[in-house]
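Sequence positions in the sequence shown follow UniProt numbering and run 1 to 104.
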Amino acid sequence: MLTINFDDNTEWWTSGGVFDRLFEAAVASGAIPGRMSHWGDVVNANGGYFAKSVDPLDAQVFRDGLLSTAYAELPGLPREGLDWTYKVSLTKLIRALGGEVDTE
Numbered sequence: 001m002l003t004i005n006f007d008d009n010t011e012w013w014t015s016g017g018v019f020d021r022l023f024e025a026a027v028a029s030g031a032i033p034g035r036m037s038h039w040g041d042v043v044n045a046n047g048g049y050f051a052k053s054v055d056p057l058d059a060q061v062f063r064d065g066l067l068s069t070a071y072a073e074l075p076g077l078p079r080e081g082l083d084w085t086y087k088v089s090l091t092k093l094i095r096a097l098g099g100e101v102d103t104e
């Protein structure tokens, strides 16, 4: 499990597999720039992420990149197996960051 702390009040707990899948999709789409592609390894090595430990602008890029990619990844995910776990986890991330999502 990883804990992703976006600020003092916003935390997302997720599996390493879910984080890796989302992070890789965010980098591939350009939502998280290539210069930050090593962050996935850093998050995994540290068991999580704490926004206070990085430059505020980079923290915002990381947050926004994960959020926009979560919204992009949700449509069409089936309600079964690992895709269902991924869908539930993305929904929790979106809600943790104050977004709304239709779970159907």
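We put the CB at the ideal spot given by N, CA and C, even for glycine.
| Item | Value |
| --- | --- |
| Integer-rounded CB distance, given that residue 6 should sit under 8 Å from residue 51 | 5 Å |
| Inter-residue Cα distance where the pair is residue 24 and residue 70 | 11 Å |
| Cross-strand partners of residue 49 (DSSP beta bridge) | 4 |
| Extent of the continuous beta strand (DSSP E) to which residue 24 belongs | Per DSSP, residue 24 belongs to no beta strand (DSSP E); it is in the alpha helix (DSSP H), 16-29. |
| C-alpha distance - residue 89 paired with residue 14, whole-angstrom precision | 7 Å |
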